[in-house]
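Respectively, the protein sequence lines represent chains A and B.
Residues in the first sequence are numbered from 346 upward in steps of one, following my numbering.
Residues in the second sequence are numbered from 1332 upward in steps of one, following my numbering.
Just so you know, even glycine gets a beta-carbon here, dropped at the ideal spot from N, CA and C.
Treat the numbers as computed from the prediction; the structure is a model and nothing was measured.
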Amino acid sequence: MSTIHLQQLVKRFGPFTALKTMDLTIADGEFVALLGPSGCGKSTTMNMIAGMERPSEGRILFDGRDMAGVPMGRRGVGFVFQNYAIFTHLTVGQNLAYGLRATRRPVDEVNRRVSAMADLLQLTTMLDRPSAGLSVNILQRVAIGRSAVMEPSIFLLDEPLSNVDAAFRTVMRTELKALQRQFRQTMVYVTHDQLEAMTMADRIAVMDHGVLQQVGTPLEIYNDPDNLFVARFIGSPGMNLLQGQPVETATGLALDLGPLGQTPPLSAPQVAALRQAKADVVYGFRPELVALVPEGQGMAMPITFVERIGARTILHLGQGSASAKVVLENDAGLQTGQILHFAPLAHAVRLFEAASGIALKGA
Amino acid sequence: MKDDGAKLGFRLTLPAQVLVLFISVFPLLMQLYISLTDWSPLAGTSWTQAWAMWNTFANYIDLIYDHRLWSALGRTALVIGVCVPVEFLLGLGLATLFMDDFPGKRAAYSILIMPMMVVPAVAGYMFFMLFQSGGPINDILSNLIGHPITVAWLSDPNLALLAVMVADIWQWTPLMFLILLAGLAGVPEDQIRAATLLGAGPVQRFVTIVLPRMKTIIGIALAIRVIECFKIFDTLFIMTGGGPGVATETISVYIYKIATQDLIWGYVAAIALAILIVLSIACVWALKRMART
């Protein structure tokens, strides 16, 4: 077990900067997901932690010890590759024993640790099977076991579920989380799938274009995005974001959303933040946290498309350049072309500065 | 229905079968026939009349007691035993080197594979010149050692075979290099990284990951070179003509000499057929072994 400190980490590939000044502290035994779209620098960060890439600037510390110049074989890092990188010319047992044999552990220790690991991962009956042609869930367990048997203090997983079909992914997610609880190791998990990050991670680091956007627990990131990117990226569908100008109403300060009408009055801390910003703002709310209201109250937008996905209905709304989505548990017979009257729940409203995209969090 | 299909298939492939019969089976049968006779082009009769000189297996019994044949075979085996392993190790080393980037890699690559493109007869002539007692190789050695060297490489029975082997290694290491480079490039990068992260050093990675993954391609490379080396002729013949004496007389040179000088074609046919049979059996055995592992 080990803490990881990334300090002012920068990675450049020629003229291209893959990672711009990243600072992140990962606590001992913590499961952190690096989440972002492809090309956001998450795999680069992971490869630098593993020692496969050298940082252009900055430091990586394990338990306070600088890792610069420590080769990847000596970092005590377990790495599960996206394609598992199983040694297909060896048996399952030989795969599990590979690291122990490579580091010349005594034979009885190798046998003891391999069989313990095989027990834990339910691979005992497979030990003598050739590893070529095994199913993905077994390959995944072999890949994890092969690293875990070395008892690394840090475990890195690079999109281990991206090759798996959707139904199986659910099973494997649960399995992975259970394994992490058993091993109690510091884990860094790279993914572009927010569902994986949300369900497994203790904390999520959201990244985009080589910049760390926000670090927090899954709920913090979902409820209080730090900026417009996180607001849009997290959640499915993402947060609704509408441009607006502050306007005084009889009931208090609200936002004028142009043809969409006015928002309900803002809460006191938001008013305070808004008065400080004095700029164009973006009004954000989760599509799930919306109430239907009578005509004349709240906002009005025509329905452009109705997406029924069983338990929920997603209404696509659009007027001019503005668009929004509303998720209802019950579609109440709504049709395309109808005008939807709705208001976001007061506690669900988030404001962002339009120019910078940064959240206006109540002081 | 099915039988009809088989018949139709047979009829459709008949021209090809006749062609194969003509170009491969017929010469073999002709060779077998002549090998059972004392026929020679000097006999003055057509080969079809060779039955008049029928000697059953006398040629095959003769070859068992033919010392010149056995020493030619032994010499060929020595050439294979030295050249193929040296070419393999040099090729593997170079291929490993070329997996990493270094300045001038493309130019070095072009220069390295060039010997393979040289016509063997030309290569033979090049080395014939290089190994003259007043030639560049002696000049270089003289400069290195500091006093004049005048080794008669090609006319010293103890050194001629060495000179021939050097030429063969020069010409055919590039082929090994190319095949093994392709094999190395086929080893997945992730597996090597995974092995590194598990604590394996460069030698361990090479032995436990790279070599096992290249087993088939190494087998193919060695097989190609062993078969080719067995047939070594053109370079060697131009350099030494099989001499001095019989010092570099390999199996091909021996067959060439008895076929063109002694003109005992019945015996030549017997040797060629015997070698073909032995080599075929060895090949089948080696292929079966490779398929099993």
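From the DSSP output, read off the bridge partner residues of residue i.
i, result
"residue 712 (chain A)", "Past the boundaries of the shown model lies residue 712 (chain A); chain A is included only from 346 to 708, so the question cannot be answered."
"residue 669 (chain A)", "A:662"
"residue 356 (chain A)", "A:364"
"residue 572 (chain A)", "A:703"
"residue 585 (chain A)", "A:630"
"residue 423 (chain A)", "A:500"
"residue 599 (chain A)", "A:592"
"residue 407 (chain A)", "A:349, A:410"
"residue 1500 (chain B)", "According to DSSP, which records beta bridges pairwise, residue 1500 (chain B) is partnered with nothing at all."
"residue 685 (chain A)", "A:646"
"residue 1570 (chain B)", "Bridge partners of residue 1570 (chain B): none, in fact."
"residue 636 (chain A)", "A:688"
"residue 1349 (chain B)", "According to DSSP, residue 1349 (chain B) bridges with nothing at all."
"residue 311 (chain A)", "No information on residue 311 (chain A) is available, as it lies outside the stretch 346 to 708 that chain A covers here."
"residue 402 (chain A)", "A:355"
"residue 651 (chain A)", "A:660"
"residue 371 (chain A)", "A:349"
Output, in chain order, the set of chain A residues within a Cβ distance shorter than 7 Å of residue i.
i, result
"residue 1521 (chain B)", "426, 428, 430"
"residue 1540 (chain B)", "432"
Determine the chain A residues that contact residue i at a beta-carbon separation under 9 Å, and present them in chain order.
i, result
"residue 1434 (chain B)", "Going along chain A, no residue has its Cβ under 9 Å from residue 1434 (chain B), so there is no contact; the nearest lies around 17 Å."
"residue 1543 (chain B)", "432, 434, 435"
"residue 1535 (chain B)", "446, 447"
Give the straight-line distance between the Cα atoms of residue i and residue j, rounded to the nearest whole angstrom.
i, j, result
"residue 429 (chain A)", "residue 1552 (chain B)", "30 Å"
"residue 1472 (chain B)", "residue 1352 (chain B)", "55 Å"
"residue 1362 (chain B)", "residue 1616 (chain B)", "24 Å"
"residue 1419 (chain B)", "residue 1505 (chain B)", "10 Å"
"residue 360 (chain A)", "residue 512 (chain A)", "41 Å"
"residue 595 (chain A)", "residue 621 (chain A)", "21 Å"
"residue 1526 (chain B)", "residue 1602 (chain B)", "52 Å"
"residue 558 (chain A)", "residue 573 (chain A)", "10 Å"
"residue 1322 (chain B)", "residue 487 (chain A)", "In the structure as shown, chain B begins at 1332 and stops at 1624. Residue 1322 (chain B) is therefore absent and cannot be evaluated."
"residue 384 (chain A)", "residue 404 (chain A)", "22 Å"
"residue 1307 (chain B)", "residue 1600 (chain B)", "Coverage of chain B is limited to positions 1332 through 1624, which leaves residue 1307 (chain B) absent and any answer about it impossible."
"residue 417 (chain A)", "residue 1520 (chain B)", "15 Å"
"residue 450 (chain A)", "residue 391 (chain A)", "28 Å"
"residue 388 (chain A)", "residue 500 (chain A)", "14 Å"
"residue 367 (chain A)", "residue 675 (chain A)", "43 Å"
"residue 708 (chain A)", "residue 611 (chain A)", "For residue 708 (chain A), the pLDDT reaches just 44, beneath the cut-off of 50, and the residue's location in the model is therefore unreliable, although a value from the coordinates is still provided. Near 14 Å, if we compare the C-alpha coordinates of residue 611 (chain A) and residue 708 (chain A)."
"residue 569 (chain A)", "residue 1516 (chain B)", "48 Å"
"residue 490 (chain A)", "residue 1455 (chain B)", "58 Å"
"residue 1486 (chain B)", "residue 1574 (chain B)", "8 Å"
"residue 364 (chain A)", "residue 535 (chain A)", "15 Å"
"residue 1421 (chain B)", "residue 1507 (chain B)", "8 Å"
"residue 330 (chain A)", "residue 663 (chain A)", "Residue numbering for chain A in the displayed model covers 346 to 708; residue 330 (chain A) lies beyond these limits and cannot be assessed."
"residue 1482 (chain B)", "residue 1444 (chain B)", "30 Å"
"residue 1569 (chain B)", "residue 1490 (chain B)", "16 Å"
"residue 347 (chain A)", "residue 563 (chain A)", "22 Å"
"residue 1398 (chain B)", "residue 1348 (chain B)", "41 Å"
"residue 657 (chain A)", "residue 635 (chain A)", "13 Å"
"residue 362 (chain A)", "residue 580 (chain A)", "28 Å"
"residue 422 (chain A)", "residue 431 (chain A)", "17 Å"
"residue 550 (chain A)", "residue 633 (chain A)", "24 Å"
"residue 1559 (chain B)", "residue 453 (chain A)", "48 Å"
List the residues of chain B that residue i touches, going by C-beta distances under 7 Å, in chain order.
i, result
"residue 448 (chain A)", "1530"
"residue 444 (chain A)", "1529, 1530"
If the cut is a Cβ gap below 8 Å, which residues of chain B does residue i touch?
i, result
"residue 437 (chain A)", "Under the 8 Å cutoff, chain B gives no residues; its nearest Cβ is about 15 Å from residue 437 (chain A)."
Please confirm whether residue i has its beta-carbon closer than 8 Å to some beta-carbon of chain C.
i, result
"residue 1623 (chain B)", "No chain C is present in this structure, whose protein chains are A and B."
Identify the contact partners of residue i in chain A, using a Cβ-Cβ distance below 8 Å as the criterion.
i, result
"residue 1701 (chain B)", "Since the first and last residues shown for chain B are 1332 and 1624, residue 1701 (chain B) lies out of range."
Chain B contacts made by the region 392-404 of chain A, where a contact means CB separation under 7 Å: 395, 397
Touching by the beta-carbon criterion (3+ pairs, under 8 Å), the region 639-651 of chain A and the region 663-670 of chain A: yes
Selection of the region 487-501 of chain A by Cβ proximity to chain B, strictly under 8 Å: 491, 492, 495
At least 3 beta-carbon pairs within less than 8 Å: the region 614-621 of chain A vs the region 691-707 of chain A: yes
Three-pair Cβ contact test at 8 Å for the region 372-391 of chain A versus the region 542-559 of chain A: yes
Three CB pairs or more closer than 8 Å across the region 473-485 of chain A and the region 433-444 of chain A: yes
Contact between the region 1379-1390 of chain B and the region 1584-1592 of chain B (3+ Cβ pairs under 8 Å): no
The region 398-413 of chain A touching the region 550-569 of chain A, judged by at least three CB pairs closer than 8 Å: no
The region 1400-1411 of chain B touching the region 1560-1570 of chain B, judged by at least three CB pairs closer than 8 Å: yes
Within 7 Å of chain B by C-beta, residues of the region 408-422 of chain A in sequence order: 417, 418, 422
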